[in-house]
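Taken in order, these protein sequences are the chains called A and B.
Each residue of the first sequence is one higher than the one before, counting from 2 in my numbering.
Each residue of the second sequence is one higher than the one before, counting from 79 in my numbering.
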Amino acid sequence: MTSSDSIRMEKLSYTIGGRRILEDFDFSLERGVNRTILGISGAGKTTILKLLLGLLQPDAGRVCIGDVCITGVPESDFMELRKRIAIVFQGGALFDSMTVGENVGYRLFEEGRLSQVEIEQIIREKLSFVGVEPALDLYPAELSGGMKKRVAIARALAADPDYIFFDEPTTGLDPIGVYNICNLMQRLQAEGKTTLMVTHDLETAFRTSQRFTFLHQARMIFEGTQEEMRESRLPEVQQFLRPTVESLFV
Amino acid sequence: MSISVIDKKMLHFFNDLQEYFFLAGRSLLRMFRRPFYYREFAIQFDKLGFSSLFICILTGLFTGMVMALQALIQLKPFAATSYVGGMVAATMIKELGPVLASLMVAGRVGSAITAELGTMVVTEQVDAMRVEGTDIIQRLVVPRMKAMLLAMPLLTVVTDLISLVGGYIMSAGYGINPTMYIKGLPQFMVFQDLIEGLVKPVFFGMIITLTGCYIGLNTRGGAEGVGNAAKQAVVLSSVLILMSDFFITKVFVVFR
Ligand SMILES: Nc1ncnc2c1ncn2[C@@H]1O[C@H](COP(=O)(O)OP(=O)(O)O)[C@@H](O)[C@H]1O
Ligand SMILES: [Mg+2]
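So this is what it looks like as structure tokens:
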């Protein structure tokens with residue numbers, strides 16, 4: 002695997018509000034290897050995704066997309082490169098003031114390279130892929146949580162990215178919603194997209210990822226496959242896999 | 079408080095100040111750069127400008143009336159009530175019109191800008207926009223800035239005009255006829271005062287937008303954070319308006 006086919010964090014440290022979220026964190030997402038980052042709530046999972054996208058600047062270390070390092074570079078200089086990555090935020094982060102269709106076509110309308118008709122075609126295509134085509138003219142406030150996430154996925158697909166990040170895509174959904182999201186992720190993977198998910202939902206993680214990274218107290222304490230994780234002797238990992246009554250009192 | 083805490087607070091303050099001026103500089107530069115987001119501008123002008131029209135009319139009417147009332151009481155013993163129009167015009171157009179209109183707008187519009195942008199921040203819509211390749215200053219700050227730079231002077235003119243009407247309503251009760259009142263309006267003013275009365279709202283509009291946007295874009299901590307941010311924005315922009323009013327006036331006095 003060459004370096005141009007990956008997104009990496011090298012020796013990254015990040016502090017906010019006097020709290021160390023990441024320390025000397027090394028991480029790599031290779032093209033074609035779907036990965037999940039596991040960690041408890043507040044561990045810094047969302048922060049990792051934002052750092053990888055260059056939305057946050059680290060205190061030390063660097064982030065590289067392919068051969069290009071984006072740390073310390075003005076945002077406008079890596080916009081083009083960042084188009085290879087899309088993200089589905091936890092609550093969907095749909096734009097309140099726009100309809101579902103305008104949300105999905107947002108980037109295409111902004112870029113203005115395609116005609117209105119062509120953009121509408123793409124919007125319909127992406128919406129039918131995620132199965133919410135009837136919602137085209139609704140506003141985000143009129144959608145359920147699961148639909149919001151699916152529209153957010155449709156929006157992420159509009160620029161035809163290579164990598165898609167998912168921030169807790171199944172948290173707060175009913176079983177059918179969870180099934181739908183898993184199913185969508187698998188279909189995207191079959192189309193050649195590489196997914197990176199952060200979650201504490203083990204079941205979804207095992208169904209959609211080949212490799213796992215475990216974040217605990219600002220460090221990566223485990224990296225490997227599902228089997229390696231089950232065999233791991235690390236108490237934090239074991240507790241995560243099989244929460245016990247005692248672990249409530251730790 | 080130990081030295082290190084004070085030190086930290088100072089550092090924080092100067093950091094904020096610097097960021098505020100960066101935002102000001104960036105948004106001013108981007109005002110002349112593509113894309114222009116005409117639709118967003120129109121929406122904001124409607125939202126920020128027209129929504130404040132009514133409170134500005136009320137403010138102008140009652141301030142004009144009370145100014146005239148106070149002046150008439152003072153002038154009556156000297157049989158100088160014919161000066162009332164001039165006094166109302168001079169105070170309203172140079173000072174009270176711009177300041178009061180801006181304070182009202184700061185309360186109504188400043189908080190709305192902060193709440194809107196703050197909500198977009200805490201729901202990650204701003205992050206989503208950045209990922210989609212949008213320059214958020216260009217998209218979110220500049221249209222609001224342009225809308226306010228146009229709306230604030232217009233609202234001030236409306237406030238001024240209405241206050242003169244209010245002044246006349248009171249004067250009529252003291253037997254001053256319309257021609258006398260209107261003739262008396264410019265007696266304490268020079269042309270430069272009109273310019274002063276229009277330059278001020280432009281600055282105040284800029285302060286309201288920048289403060290609202292700066293605090294909104296730096297919102298933390300969910301829905302509660304949005305509420306706090308809106309409150310902060312109103313207080314800060316009001317104080318900044320009153321402070322800068324003094325300095326702008328000072329500059330005009332020097333070049334008089
Ligand atoms: N602006 C901020 N100020 C202070 N602390 C923050 C801020 N943003 C995030 N944090 C803290 O950083 C930690 C990591 O946040 P996050 O990455 O959202 O966690 P996760 O996604 O794993 O739940 C949390 O404990 C949160 O309290
Ligand atoms: Mg999170």
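Built from N, CA and C at the ideal position, the CB exists for glycine as well.
Check for me: the beta strand (DSSP E) holding residue i runs from which residue to which?
i         : result
Thr37(A)  : Arg36 to Leu39
Phe223(A) : Arg220 to Gly225
By Cβ distance, which residues of its chain are closer than 7 Å to residue i, with the 5 residues on each side in sequence left out?
i         : result
Arg21(A)  : Ala219
Gln310(B) : Ile293
Ser210(A) : Asn35, Arg36, Thr37 and Met198
Leu228(B) : Phe123
Cys134(B) : Ala179, Met182, Leu233, Val236 and Thr237
Pro75(A)  : none
Thr159(B) : Leu150, Leu153, Tyr252 and Ile254
Thr205(A) : Thr171, Val179 and Cys183
Ordered along the chain, which non-local residues of its own chain (more than five positions away) have a Cβ less than 8 Å from that of residue i?
i         : result
Asp138(A) : Thr100, Val101 and Gly102
Gly275(B) : Ile171, Lys172, Gly175, Pro176, Thr234 and Asp238
Phe79(A)  : Gly55, Ile66, Val69 and Ile71
Phe110(A) : Glu103 and Ile120
Gln190(A) : Asn35, Thr196 and Thr209
Tyr115(B) : Gln216, Arg217, Val220 and Pro221
Thr214(A) : Phe28, Arg36, Thr37, Ile38, Leu39, Met221, Phe223 and Glu224
Kindly indicate the opening and closing residues of the alpha helix (DSSP H) around residue i.
i         : result
Asp94(B)  : Ile81 to Arg108
Leu185(A) : Pro176 to Ala191
Glu11(A)  : Unbroken run through Glu11(A) is the beta strand (DSSP E), Ser7 to Ile17; no alpha helix (DSSP H).
Ala269(A) : Here chain A has residues from 2 to 251 only, and residue 269(A) is not among them.
Ile86(A)  : Run containing Ile86(A): none in the alpha helix (DSSP H); it sits in the beta strand (DSSP E), Ile86 to Val89.
Lys172(B) : No alpha helix (DSSP H) holds Lys172(B); DSSP gives it neither H nor E.
Ser77(A)  : Glu76 to Arg83
Ile71(A)  : No alpha helix (DSSP H) holds Ile71(A); DSSP gives it neither H nor E.
Pro256(B) : Pro256 to Gly262
Glu204(A) : Leu203 to Thr209
Tyr107(A) : Tyr107 to Glu112
Excluding sequence positions up to five away, which residues of its chain have a Cβ less than 6 Å from the Cβ of residue i?
i         : result
Leu13(A)  : Leu23, Phe26, Pro59 and Gly62
Ala87(A)  : Ala157, Pro162 and Ile165
Thr47(A)  : Asp168
Arg243(A) : none
Lys103(B) : In the sequence under discussion, the amino acid at residue 103(B) is Gly, which differs from the Lys named in the question. Cβ within range, chain order: n/a, list empty.
Asp205(B) : none
Gly245(B) : Gly142, Ala146 and Val166
Ala168(B) : Phe266 and Met267
Ala44(A)  : Leu216
So for residue i, helix, strand or coil by DSSP?
i         : result
Leu56(A)  : coil
Arg21(A)  : strand
Glu31(A)  : strand
Ala225(B) : helix
Leu197(A) : strand
Arg234(A) : coil
Ile66(A)  : strand
Phe277(A) : In the structure as shown, chain A starts at 2 and stops at 251, and residue 277(A) therefore has no counterpart that could be examined.
Phe1(A)   : It is not possible to answer for residue 1(A), since the shown part of chain A is limited to 2 through 251.
Ile293(B) : helix
Phe333(B) : coil
Asp124(B) : helix
Ala158(B) : coil
Asp205(B) : helix
Val199(B) : helix
Asp168(A) : strand
Ala149(B) : helix
Phe26(A)  : strand
Ala94(A)  : coil
Ala142(A) : helix
Ala44(A)  : coil
Ile326(B) : helix
Original post:
Taking one C-beta from the segment 123-134 of chain B and one from the segment 224-236 of chain B each time, how about it: are there three or more such pairs within less than 8 Å?
Top reply: The segment 123-134 of chain B vs the segment 224-236 of chain B: in contact.
Touching or not, the segment 281-288 of chain B and the segment 257-265 of chain B, by the rule of three or more beta carbon pairs under 8 Å? No contact exists between the segment 281-288 of chain B and the segment 257-265 of chain B.
Report task. Determine contact between the segment 128-143 of chain A and the segment 45-57 of chain A, defined as no fewer than three beta-carbon pairs at a distance below 8 Å. Result -> Contact between the segment 128-143 of chain A and the segment 45-57 of chain A is absent: fewer than three C-beta pairs spanning the two stretches fall below 8 Å.
Pairing CB atoms from the segment 176-187 of chain B with CB atoms from the segment 296-307 of chain B, are three or more of them under 8 Å? The segment 176-187 of chain B vs the segment 296-307 of chain B: no contact.
Evaluate contact between the segment 196-208 of chain B and the segment 139-149 of chain B, counting only Cβ atoms and requiring at least three cross-stretch pairs below 8 Å.
-> For the pair of segments examined, the segment 196-208 of chain B was found not to touch the segment 139-149 of chain B: the number of CB pairs separated by less than 8 Å stays below three.
Residues around ligand 1, please: the condition is that the C-beta lies closer than 5 Å to some non-hydrogen atom of it. Answer in sequence order: Ile17(A), Gly18(A), Ser42(A), Gly43(A), Ala44(A), Gly45(A), Lys46(A), Thr47(A), Thr48(A) and Arg298(B).
| request: Determine, using beta-carbon pairs with one atom in the segment 82-97 of chain A and one in the segment 166-180 of chain A, whether at least three such pairs fall under 8 Å. | output: Touching, yes, given that three or more Cβ pairs across the two stretches are closer than 8 Å.
**Prompt:** So, do the segment 204-218 of chain B and the segment 102-113 of chain B have three or more beta carbon pairs nearer to each other than 8 Å?
**Reply:** The answer is yes - the segment 102-113 of chain B touches the segment 204-218 of chain B, with three or more Cβ pairs under 8 Å.
Examine the Cβ distances between the segment 172-179 of chain A and the segment 138-147 of chain A and report whether three or more of them are shorter than 8 Å. Yes, they touch.
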